[in-house]
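Enquirer:
Number of protein chains: 2
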Amino acid sequence: MAISVDPIDAEAIADAQTALPEEEILEFVVQAFATLGDPTRAKILYALTRRPLCVRDLAITVGVAESAVSHQLRLLRDRRLVKAVRREHNQIEYRLDDHHVAALFKEAEFHADHVRRRLADHPYPTRIPTP
Amino acid sequence: MAISVDPIDAEAIADAQTALPEEEILEFVVQAFATLGDPTRAKILYALTRRPLCVRDLAITVGVAESAVSHQLRLLRDRRLVKAVRREHNQIEYRLDDHHVAALFKEAEFHADHVRRRLADHPYPTRIPTP
DNA sequence: TGCGTATCTGAGCAGTTCCTCAGATATAGT
DNA sequence: ACTATATCTGAGGAACTGCTCAGATACGCA
Chain A
10 MAISVDPIDA EAIADAQTAL PEEEILEFVV QAFATLGDPT RAKILYALTR
60 RPLCVRDLAI TVGVAESAVS HQLRLLRDRR LVKAVRREHN QIEYRLDDHH
110 VAALFKEAEF HADHVRRRLA DHPYPTRIPT P
Chain B
10 MAISVDPIDA EAIADAQTAL PEEEILEFVV QAFATLGDPT RAKILYALTR
60 RPLCVRDLAI TVGVAESAVS HQLRLLRDRR LVKAVRREHN QIEYRLDDHH
110 VAALFKEAEF HADHVRRRLA DHPYPTRIPT P
C-alpha cells in the first residue's frame, strides 16, 4: 500500500534522495567500508601501507593465525585492495593495490579524533535539545 | 610458546608494526568504517549530507521501516555521526555531526571507481604472477 | 486531561561473519 | 622423485548484526 505523504515532506524526500549515489556505486562504497571495518583486515592494510609482506610476517605483525590471514587476504584480493606477487623462497608478497586506502585511513583518523573529543565532552546518553 | 623468527623477518615485522596506529585510535577507526559499511546507515548519512531530516522522512528516503531507522539513528548518535534537535510539530530533526563523513564518502567513491576498473580488466580469480 | 502523532525500545529471529582445525596444494632445493 | 616450507582451502561453530513486531514513551494541542 502507498504511504500518504503531504506535499512538504515529498519535497524534502525528493531533495534528500538526490544525495544518494546510484545503486552500483553505493554497493561498492558500502563494501569498501565494510571491508575496512574489521580489525584484522584493517591491521593487515595498515601494515601494508608501510611495506609489502608475506603471509607469515603479516600473521606475526597483526597477531593472528596464518590461516586467518590467508582467508582475509583472499577477500582483500577479490575486492582489489591488495595484490600478490610470487617472491623468492616460495613466499608470496602482498602489497596494497589502491593508494586510496591510505587516504581513507587518514580521513578516518581525523574522524576518530572528532569522536573522541565529542565523547569526552558528552559521555552520557545524549539528551535531545529543544531550540 | 614463542614463535621462532630469523633476523630478517624480525626486522620486517618490527618495521611493519610501526604503521599500526595505537590501539585506541585503531578501534575508533575500525568502528567508523564498520558503521559506514552498512547500506541502511550509509544511505541515511548520504541523505543527511544533503539536508537535515526527521525519522519518517529518512525512512521513506532510504526505503526502510521507521523502526529500523530509529534503531540505526540511535547507533549513529551514540557514535557521534549524527545529532538530534527537537523541531516544531513534535518531530526530531537529525543532522550530520561530523563533516569528515562527506570526505570519507568522496574518497570511498574514488576507491569504488578503482575497483570497478580493476574488476573490468581482470574479472576472473586472480592468478598470482611470478616476476 | 485526553487524543493523535512521532519516535523510541526490547525481545526474538534469520542471516552473516570470522575464526579454528585438519588437510590439500604448490614451489624450491636436493 | 622426495622433502620441507609456504600458502591455501572447506567445513563447522560461536558470536554478532540488522530487521520486524508489539508495545512504550514523549510532546503538542484542543
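Protein sequence lines correspond, in order, to chains A and B. Here the numbering used here is used: the first residue of the first sequence is 10, the next is one more, and so on. Here the numbering used here is used: the first residue of the second sequence is 10, the next is one more, and so on. Think of the CB as a built atom: it goes at the ideal place given N, C-alpha and C, for glycine as much as any other residue.
From which residue to which residue does the alpha helix (DSSP H) around A:Q150 run?
Expert: Outside the displayed span of chain A (10 to 140) sits residue 150 of chain A, for which this structure offers no information.
Enquirer: Determine, using beta-carbon pairs with one atom in the segment 30 to 47 of chain B and one in the segment 34 to 50 of chain A, whether at least three such pairs fall under 8 Å.
Expert: yes
Enquirer: In angstroms with no decimal places, state the Cα-to-Cα distance between A:L35 and A:K92.
Expert: On the first sequence, position 26 is the one that residue 35 of chain A refers to. On the first sequence, position 83 is the one that residue 92 of chain A refers to. Cα to Cα, A:L35 sits roughly 23 Å from A:K92.
Enquirer: Looking at the C-beta of A:P132, does it have a partner C-beta in chain B at a distance below 8 Å?
Expert: The residue you call residue 132 of chain A lines up with position 123 of the first sequence. It does not; no Cβ of chain B falls within 8 Å.
Enquirer: Could you tell me the alpha carbon to alpha carbon distance between A:P140 and A:V110, rounded to whole angstroms?
Expert: Reading the first sequence from its first residue, position 131 is the one you call residue 140 of chain A. Reading the first sequence from its first residue, position 101 is the one you call residue 110 of chain A. One C-alpha to the other measures close to 40 Å.
Enquirer: Would DSSP call A:L90 helix, strand or coil?
Expert: In the first sequence, the residue the question calls residue 90 of chain A occupies position 81. In the structure shown, A:L90 sits in coil (DSSP, three-state: anything other than H, G, I, E or B).
Enquirer: What's the gap between the Cα of B:L29 and the Cα of B:R96?
Expert: Within the second sequence, numbered from 1, the residue matching residue 29 of chain B stands at position 20. Within the second sequence, numbered from 1, the residue matching residue 96 of chain B stands at position 87. Going by the C-alpha atoms only, they are around 43 Å apart.
Enquirer: Could you tell me whether any Cβ in chain A is nearer than 8 Å to the Cβ of B:Q26?
Expert: Locating residue 26 of chain B in the second sequence gives position 17, counting from the first residue. Taking Cβ atoms only, chain A reaches closer than 8 Å to B:Q26, which makes this a yes.
Enquirer: In the structure shown, what three-state DSSP assignment does B:Y143 receive?
Expert: The question about residue 143 of chain B has no answer here: the residues shown for chain B are numbered 10 through 140.
Enquirer: Rounding to the nearest angstrom, what Cα-Cα distance links B:L57 and A:A23 in this structure?
Expert: As a working mapping, residue 57 of chain B is identified with position 48 in the second sequence. As a working mapping, residue 23 of chain A is identified with position 14 in the first sequence. Cα to Cα, the separation comes out at about 13 Å.
Enquirer: So, do the segment 104 to 121 of chain B and the segment 113 to 123 of chain A have three or more beta carbon pairs nearer to each other than 8 Å?
Expert: yes
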